[in-house]
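Under mature numbering (1 follows the signal peptide of the UniProt record, and there is no 0), the residues of the sequence shown are numbered -22 to -1, 1 to 578, in order. In this text, a Cβ means the ideal position worked out from N, Cα and C, and glycines have one as well. Accompanying notes for the structure given below.
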Amino acid sequence: MMILAIPVCLLAVLSFAQATAARLPILNLPWGTWQSTVYEKDSNVYVFKNVRFGAKPPRFGRSAFPTQWDNSSSGAACYQVSASGLQVPHDGPVGVPDLRAPLEDLPQDEDCLFLDVYVPASNFDANGNPIKALPVVVWFYGGAFAFGAKELGDGISLYTGQAMNTATHNEVIFVAGNYRLGAFGWLAGRYMQSSGQPNAGLYDQALLLNWTNQYISRVGGNPNRVSAWGESAGAGSILHHLIREGGTVKPLFNTFLVQSPAFPWSWDNQPLGTLDETYLNFSQAAGCGRNFNITCLRNVNIDALINANDYLYHRVKDTGIYPVGPSVDGTWVQTIPALSFAYKQFYPAISGAIISHVYNESYSFTPNVRTQNDFDTFLAEFIPGPALATVRSQIRSRYNCVAAPYRGDFKLCLAAVIGDSSFFCNTRDLYGAFPSVSYMMQYAFPTEVEAVHASDLLPAFMNGIQDAVDIILNADPDFGEAKAYALATDLDESIKYVYQAYFGAFAASGNPNSGPPTRPFDWPVASPGESLSNVLRVQQYFPIFQRAFVLTTDKQNNATVCGFWTNIAYQIVNAKSADDSTTHVHQQPQTSNGAKYDEL
């Protein structure tokens, strides 16, 4: 008997013909119409590309839905700095390269509020109408609030809905949208509070969530079952949506998944404070002088603003400190987020959360400090000003770089400061807010040292070995093809399927243990304590007998250390309050058993 082999290309043609025999769905919005297409990498997915969800935003102003017909679909990314220009120099490469930078030739524009929607083809009838209302994932990309986009370009599958569509057996809709970056999206300070829109990027994200709430049903999404997902800056943004206006504003999602939530500590919105100083530096670099004159910035040539934005980041290059990000503004962000959580000023109605961090979070952000003076210089940039000298002294005492475990390794010592303050304790704060529904993860694959920031994006989005290789080499062509194949094969064989099964179940139901039993065990909600237990650890399955997925006790976000940083935040805000009569003086935060944080 002869078996006929059908070429793969013919199968693709047949799949496309079957899809087009039915009517491809159309998205009708009040301001335009968008036709779906069959996703080029998976005929089980339709994609609505470059859907406009916001009008061109006013420069340094708040974004809004379009008010007139405009179905343009350039899909431009928002203006950003080059990711390569932000990298902190290291002694040598460790782990996976930063996967998140869009292609350098991806178009950029101020008119950039576009989104992509990935929908299961099986959820549409022959007339292109949705059959049932599916749960929705809304993705917020990372990139230090400086770079990133809803897609990386050139067919790279990072941030697409293909993996989750496969993991959920065609039961989830995936949305990814742009938000403004750098000075275009995150200028803040007292002057911006009166003349512009501080934290404009947060309002772009809120508009994306609002769009999902109002219009996702038109392509088969359930607006009452929305999950916000993000990594790094995207995850830190989700945290800020939970504390919006003291937690009084509903964030328009029911569950969330955050990988390495991160953001700069940015609190000094006093007149002529640090945030105003950043504005003045930007204004001067843009050719408007060291003046509070937003009209000049709104009228200046866009190239001047692009260069000024690059200048802001060039000033702090190699320091591991970024000039802009979510900042205290008296409205959306009312205080340092650690205090918002300590005072229970967060939106409480969350039904499920996956909260994850990688083991070696701070590696990519730690400069090569060699001496105590280098360490002190970093602290003076991180927490500046003579009024906070005692705070810096307390940090030096707690992180005694010449004593164990650092023993004179100042870079290791600084890595601990950055990791605790800017990564690990954010995960602890989120757990403390939602302890009964939080599934915690520690990602340590392939080793603890190589589990660097953003490396956990690969198992979340990869669609097989070649796809992972493409993602890696897109980020760093010098990584080496053989090395990329080895890593991709390891991930595909030991991590990807279970990892995506947990994430897919959570996307579909808000519980990582629902659906078919394709996981090695149920992932429990973490148990409280000085260190959280029942934390899912993802690791290399070598050496022999070591399982890739185990439950562990996570000692990287323990209560004492995170209580210390909450107390630091309390002292910072009250030192600021002494110089600013418009700022509320906070009471010292308390632990859950009523004792004051006093580990200094």
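| Query | Result |
| --- | --- |
| Per-residue DSSP class, three states only, for residue 261 | helix |
| Delimiting residues of the beta strand (DSSP E) encompassing residue 215 | Element bounds for residue 215: not the beta strand (DSSP E) but the alpha helix (DSSP H), 211 to 220. |
| Spatial distance of residue 154 from residue 179 (CA atoms) | 15 Å |
| C-alpha distance - residue 151 paired with residue 486, whole-angstrom precision | 9 Å |
| Top-ranked residue by Cα proximity to residue 220, from 262, 315, 159 | 315 |
| Proximal residues to residue 212 (C-beta, below 6 Å), its chain only, five neighbours per side dropped | 118, 119, 120 |
| Residue environment, residue 250, which counts as buried when at least 16 other CB atoms sit within 10 Å | exposed |
| Backbone secondary structure at residue 475 - three-state DSSP | helix |
| Every unbroken beta strand (DSSP E) within the region 260 to 330, with a cutoff of 3 residues, ordered by chain | none |
| Beta carbon of residue 89 nearer than 9 Å to that of residue 52 | yes |
| Start-to-end residues for the beta strand (DSSP E) that takes in residue 234 | 233 to 237 |
| Three-way DSSP call (helix, strand, coil) for residue 463 in this model | helix |
| Segment contact flag, the region 532 to 546 with the region 393 to 406, C-beta cutoff 8 Å, min 3 pairs | yes |
| Coil, strand or helix - residue 421 by DSSP | strand |
| Residue environment, residue -2, which counts as buried when at least 16 other CB atoms sit within 10 Å | Interpretation of residue -2 is limited by its pLDDT of 46, a score under 50 that renders its predicted location unreliable; no figure is taken from the coordinates. |
| Cβ contact (3+ pairs, closer than 8 Å) linking the region 180 to 189 and the region 226 to 233 | yes |
| Helix, strand or coil at residue 352 according to DSSP, with G and I counted as helix | helix |
| Residues bridged to residue 532 (per DSSP) | 510 |
| Which of helix, strand or coil DSSP assigns to residue 225 | helix |
| Local conformation of residue 486 per DSSP, three classes | helix |
| Helix, strand or coil at residue 344 [DSSP, three-state] | coil |
| Inter-residue CB distance, residue 234 and residue 216 (contact presumed, cutoff 8 Å) | 5 Å |
| Residue 581 vs residue 104 beta-carbon contact at 9 Å | Lying outside -22 to 578, the shown extent of the chain, residue 581 is not represented and no answer is given. |
| Local conformation of residue 203 per DSSP, three classes | strand |
| Sub-9 Å separation of residue 177 and residue 166 beta-carbons | yes |
| C-alpha gap between residue 452 and residue 5, whole angstroms | 31 Å |
| Nearest to residue 459 (by Cα), restricted to the options 469, 446, 24 | 446 |
| Cα-Cα separation between residue 461 and residue 501, rounded to whole angstroms | 32 Å |
| Among 36, 113, 54, the one whose alpha carbon lies nearest that of residue 484 | 113 |
| Those residues which DSSP pairs with residue 13 across a bridge | 4 |
| Cβ-Cβ distance between residue 530 and residue 420 below 9 Å | yes |
| Residue 525 classed as buried or exposed, judged by whether at least 16 other C-beta atoms fall within 10 angstroms | exposed |
| Short Cβ contact (9 Å threshold) for residue 198 with residue 101 | yes |
| Backbone secondary structure at residue 29 - three-state DSSP | strand |
| Terminal residues of the beta strand (DSSP E) in which residue 98 lies | 92 to 98 |
| Contacting residues, own chain, Cβ-Cβ under 6 Å from residue 239 (five flanking each side not counted) | 213, 214, 217, 404 |
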